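What follows is a short report on a single structure.
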Amino acid sequence: MSTQLLWYTTRGAGAVSLILLSAVVILGVLSSLRVQSAGWPRFLTTGLHLNLALMTVVFLALHIVTAVVDPFTHLGWLVAVVPFSSYYRTLWLGLGTIAFELLAAIVVTSLLRGFIGPAAWRAVHWLAYGSWPIAVIHGFGTGTDAWSVWFLVLSILCISAVAIAVAYRLVNRAGDPLSAARTEFRAGVARRPDR
Amino acid sequence: MSRLRVLAGPELNAGAESFAAHTQRLGAPQSTGRPLIETLVRSELTGRGGASFPVGVKWRSVVAAKGSPVVIANGAEGEPQSHKDKLLMATRPHLVLDGAFIAARTVHARQVVLYIGEEHKAPWAAMARALNERPEGERRIARIVAAPHRYVAGDSSAAVHLIDDGVATPTTTPPSTHERGIDGSPTLVQNVETLAHIALIARYGDSWYRSAGRRGAAGTVLVTMAGGVKHAGVLEVEAGTTVEEAVAMAGGVSEPASAVLIGGYFGAWVNAAKAWDLPLDNASLQTRGLSLGCGVVGVLPAARCGVCDTSRIMRYLALESSAQCGPCFFGLRALSDACSRIAERGANRDDLARLKKWALEVPGRGACKHPDGAVMFLRSALSTFADEFAGHPAHWRQQPA
Chain U
1 MSTQLLWYTT RGAGAVSLIL LSAVVILGVL SSLRVQSAGW PRFLTTGLHL NLALMTVVFL
61 ALHIVTAVVD PFTHLGWLVA VVPFSSYYRT LWLGLGTIAF ELLAAIVVTS LLRGFIGPAA
121 WRAVHWLAYG SWPIAVIHGF GTGTDAWSVW FLVLSILCIS AVAIAVAYRL VNRAGDPLSA
181 ARTEFRAGVA RRPDR
Chain X
1 MSRLRVLAGP ELNAGAESFA AHTQRLGAPQ STGRPLIETL VRSELTGRGG ASFPVGVKWR
61 SVVAAKGSPV VIANGAEGEP QSHKDKLLMA TRPHLVLDGA FIAARTVHAR QVVLYIGEEH
121 KAPWAAMARA LNERPEGERR IARIVAAPHR YVAGDSSAAV HLIDDGVATP TTTPPSTHER
181 GIDGSPTLVQ NVETLAHIAL IARYGDSWYR SAGRRGAAGT VLVTMAGGVK HAGVLEVEAG
241 TTVEEAVAMA GGVSEPASAV LIGGYFGAWV NAAKAWDLPL DNASLQTRGL SLGCGVVGVL
301 PAARCGVCDT SRIMRYLALE SSAQCGPCFF GLRALSDACS RIAERGANRD DLARLKKWAL
361 EVPGRGACKH PDGAVMFLRS ALSTFADEFA GHPAHWRQQP A
């Protein structure tokens, strides 16, 4: 395989990962608003969030593997796991490693949610707010295309979309439509047995 | 009335058997410890609360788990049509207690909780009195806890949730209660009928247990005969007895039947013609996509409308959702509303299409199995009463509940 092809793949997969990860974050941020309509059932938000997240992992794997196996870079596999171990753009590449590891933690805990319980899962899920901005900074710092017009436009679109979603979420704090029913039901099943 | 093993002994209308009479009739149980667990595995005894989980496997897992175990005797019996647990607790409380304390000794439990439906007054009184007759060592580790009168309160995770946090709503599984239950300790939750069978297996062994049973099934089973039979009530039959034979033991049908509900509200409707030959044994029912559940056999007389009865039961199950998960709370309500519209205003294609579509979308989306059970019941109604659902007249109000 030509070295050029690997290099293009690394850059392309990186850009695609950025788009996907932004979409995942937006869906995640908006999921608690419980948006629904006849054409957009509620589970579509969470289903899309989940499936896009898994797809992000696939493109990230492509991004990382092609970068490491590219003979021109001499990065070595350690770089994919240990942050700031790269001779090349140590800081910027290390941020990418961190963003990837945070995302991996989120994906793994989500797949094991039944075993670790919702509280631990939720705590780890907050890391998403770290992973995404670090990934964006990594893109600007390391990216060969960082200052090309198309990448700038893409990044600005992703950043503004996430910013708008977060702002919208902060302004519209949707209540839990089940909470009233749950409280009423629990009133009927609550007993404190003598210990 | 048929009462072979757990209901054997003095007349049932004589009330609860005393500890002295019980000990004189049956002697003290022999086997506990590891050998008993292997005996239970060989007996192939399965749980009688509805889920039919293999008892020996559950005990092994409690023993293997880390922590000091707790035993819960589950006598919540929230299934409206079922009466076998209430009858057993009211008449043979010491058989249930034997089972519970044998379990406690075998798994080295620090505590035994008798979890009894608060509305079951007579069974509660009998169990409380019986507990007072037990030796000091047993009384010290046991206590009775009231199960709220709700359908989901009988779920094993709901029992643990109530005892831990005071709220009898189911929690997410896994981990199951036998892995992580009360205070995070392994918790052995067994239905009271299961415990009664264990008390006898600990005395007479697994080959004795398997010596009852027909058509390849093992042991005996308590069933509640309900609906259009001459003598509705609880029967103890050999596992593998057919529905037709059980109906005959209940005095036969009171009028021609159109369908039979096997397993209660989490069970399934079966066409009467197909139902008569079904063996009352969970393993063989499962090969037919059915389940014995809590042992309710409800006979629907041909004069009653299956659509209207299904609609009533769906309303009940929707209102019993504990409102923890959206798909269950909203999904069951939507399904129940569509059923009611067909029952009240007559058949229409839109609602029928909705029922079929939503019935596929709800299962597996709740923390517990409440939505799954309700939907399985509904889907059996949609196939058993396919013609009735397609051409239902608006006659809901004309039929008594």
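Protein chains in written order, with the numbering used here: chain U, 1 to 195; chain X, 1 to 401.
Don't be surprised by glycine CBs; every beta carbon is placed ideally from N, CA and C.
Computed from a predicted structure; not experimentally measured.
Residues bridged to N271 of chain X by DSSP? X:A259
Using 7 Å as the threshold, is the C-beta distance between V253 of chain X and G228 of chain X below it? yes
Could you check which residue in X:A303, X:I182 and X:E138 has the C-alpha nearest to that of S156 of chain X? X:I182
Below 8 Å CB to CB, which residues in the same chain sit around W147 of chain U once its five sequence neighbours on both sides are set aside? none
Report the three-state DSSP secondary structure of L95 of chain X (helix, strand or coil). helix
What's the gap between the Cα of A128 of chain U and the Cα of S110 of chain U? 12 Å
Distance between beta carbons of T66 of chain U and T10 of chain U, contact taken as under 8 Å: 4 Å
I want to see whether chain U comes within less than 7 Å of G166 of chain X, judged by CB atoms only; does it? yes
Tell me which residues share the same chain as V124 of chain U and place their Cβ nearer than 7 Å to its Cβ, disregarding the 5 neighbours each side in the sequence. A105, I106 and T109
What are the boundary residues of the alpha helix (DSSP H) that includes Q24 of chain X? F19 to L26
Between L178 of chain U and G326 of chain X, how many whole angstroms is the CB-CB distance? I'm expecting something under 8 Å. 6 Å
Classify N172 of chain U as helix, strand or coil using the three-state DSSP reduction. coil
Can we say the region 185–198 of chain X touches the region 67–87 of chain X, given the rule of at least three CB pairs closer than 8 Å? yes
Report the neighbours of I163 of chain X on chain U: residues whose CB is nearer than 8 Å to its CB, in chain order. P193
On the CB-based measure, 16 or more other CB atoms within 10 Å of its CB, does N132 of chain X come out buried or exposed? exposed
In terms of residues, what are the limits of the beta strand (DSSP E) holding T177 of chain X? Per DSSP, T177 of chain X belongs to no beta strand (DSSP E) and is neither H nor E.
Would you verify that the beta carbon of V189 of chain U is, or is not, closer than 7 Å to some beta carbon of chain X? yes
Whole-number beta carbon distance between H197 of chain X and L45 of chain X, since they are thought to touch under 8 Å: 6 Å
Interface partners of P123 of chain X on chain U, CB under 9 Å: Residues of chain U passing the Cβ test: none, with the nearest at roughly 18 Å.
Under 7 Å Cβ-Cβ, which residues of chain U neighbour R150 of chain X? G188 and V189
Span of the alpha helix (DSSP H) holding V68 of chain U? R42 to V69
Local conformation of T46 of chain X per DSSP, three classes: strand
Between the C-alpha atoms of A13 of chain U and A390 of chain X, what's the straight-line distance to the nearest angstrom? 53 Å
Per DSSP, cross-strand counterpart(s) of L27 of chain U: DSSP, once it has assigned bridges, lists no residue as partnering L27 of chain U.
Candidates X:P170, X:T310 and X:G364: closest to G331 of chain X by CA position: X:G364
Sequence ranges, beta strand (DSSP E) only - wholly within the region 59–84 of chain X, length at least 3: 70–75
Amino acids of chain X, ordered along the chain, whose beta-carbon sits closer than 8 Å to that of R42 of chain U: G326
Can you tell me where the beta strand (DSSP E) with P301 of chain X in it begins and where it stops? V296 to P301
By a C-beta neighbour count over all protein chains shown, 10 Å radius and 16 as the cutoff for buried, is S207 of chain X buried or exposed? exposed
To test your reading of the DSSP string, which unbroken alpha helix (DSSP H) runs of 4 or more residues are found completely within the region 108–133 of chain U? 113–116 and 118–125
Closest to W126 of chain U by CA distance: which of U:V25, U:A15 and U:S17 is it? U:V25
Mapping DSSP to helix, strand and coil, what is M225 of chain X? strand
So, using beta-carbon positions, are Q81 of chain X and V296 of chain X closer together than 7 Å? yes
Integer Cβ distance of L50 of chain U from F100 of chain U, believed to fall under 8 Å: Actually they do not touch by this definition, with Cβ atoms about 18 Å apart.
Taking 7 Å as the CB-CB cut-off, is L178 of chain U touching chain C? The displayed structure is made up of protein chains U and X, and chain C is not among them.
Helix, strand or coil at V81 of chain U according to DSSP, with G and I counted as helix: helix
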